[in-house]
Amino acid sequence: MKNGLIVWLTGLSGSGKSTIANIAVKKLKKANIKSEIIDGDAVRSLTTKHLKFSKSDISENNRIISDVCEEKRKYLDVVIVTVIAPFKEIRKEIRDRFGKLYKEVYVKASLDTVIKRDPKNLYEKARQGLIKNMIGFSKSVPYEAPDNPDLILDTERKEADELALDLKKFVTDSID
């Protein structure tokens, strides 16, 4: 049984978490590092769709994701989580749960940048009032950027391929 690393990518919707993680996992697998992504959108659509976007529901969703990590890390070298995880309090709770095996990665992009990207058209829908409690956009649900992440991937300064290499190196260095 393994005791895999949990690499938790946090950042606004549209910051590039999933894109970077997908590229990095391909590179990790080529290096014979058993890895898998837990995508926050997939968990929400399959497992936690009953939860809304209140602070308590978002935190509960993150706890459920950490439970999935607990199971998957038993047979993986690394579990990469891509989820907004907007609240420092819940990220600290998850860090405390996994200790030194938890690595927090801030996928950094400004609100202006993610609004321009808007790959899922969520910010436009929020602007139109069709989505309430849009994390980082609505004043009721702010995104609290990490104070001391283990790694920052700045998507305004580098392209996804280069950031995925940075993430792969970070993971391999953290495993060794």
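Positions 0 to 175 (numbering that gives the first Met the number 0) are the ones given, in order, by the sequence shown. We put the beta carbon where it would ideally sit given N, CA and C, even for glycine.
Which one or two residues does DSSP pair with residue i in a beta bridge?
i, result
"I103", "Checking the sequence, you will find Glu at residue 103 rather than Ile. Per DSSP, W7."
"V80", "W7 and I37"
Buried or exposed: residue i, going by 16 or more other Cβ atoms within 10 Å of its Cβ?
i, result
"L166", "buried"
"K102", "buried"
"R156", "exposed"
"P148", "buried"
"I174", "exposed"
"A30", "exposed"
"K138", "exposed"
"A41", "exposed"
"N2", "exposed"
"D172", "exposed"
Take residue i and list the residues in its own chain whose beta-carbon comes closer than 6 Å to its own, dropping the five residues that flank it on each side.
i, result
"A125", "M133 and F136"
"I151", "Y105 and K107"
Here's a check: name, in chain order, each residue in its chain whose Cβ is nearer than 7 Å to the Cβ of residue i, leaving out the five neighbours to either side.
i, result
"D153", "K107"
Starting from the C-beta of residue i, find all residues in its chain whose C-beta is less than 8 Å away, skip the five residues before and the five after it, and write them out in chain order.
i, result
"S109", "E155"
Decide yes or no for the touch test of the segment 67 to 82 against the segment 136 to 144: beta carbon pairs closer than 8 Å, at least 3 of them. no
Are the segment 60 to 70 and the segment 87 to 104 touching by the rule of at least three beta carbon pairs closer than 8 Å? yes
Completely contained beta strand (DSSP E) runs for the segment 127 to 155, where each covers 3 or more residues: 150 to 153
Tell me whether the segment 9 to 19 and the segment 112 to 119 touch, counting them as touching only if at least three CB pairs, one residue from each stretch, are closer than 8 Å. yes
So, does the segment 121 to 135 touch the segment 30 to 40, judging by three or more C-beta pairs under 8 Å? no
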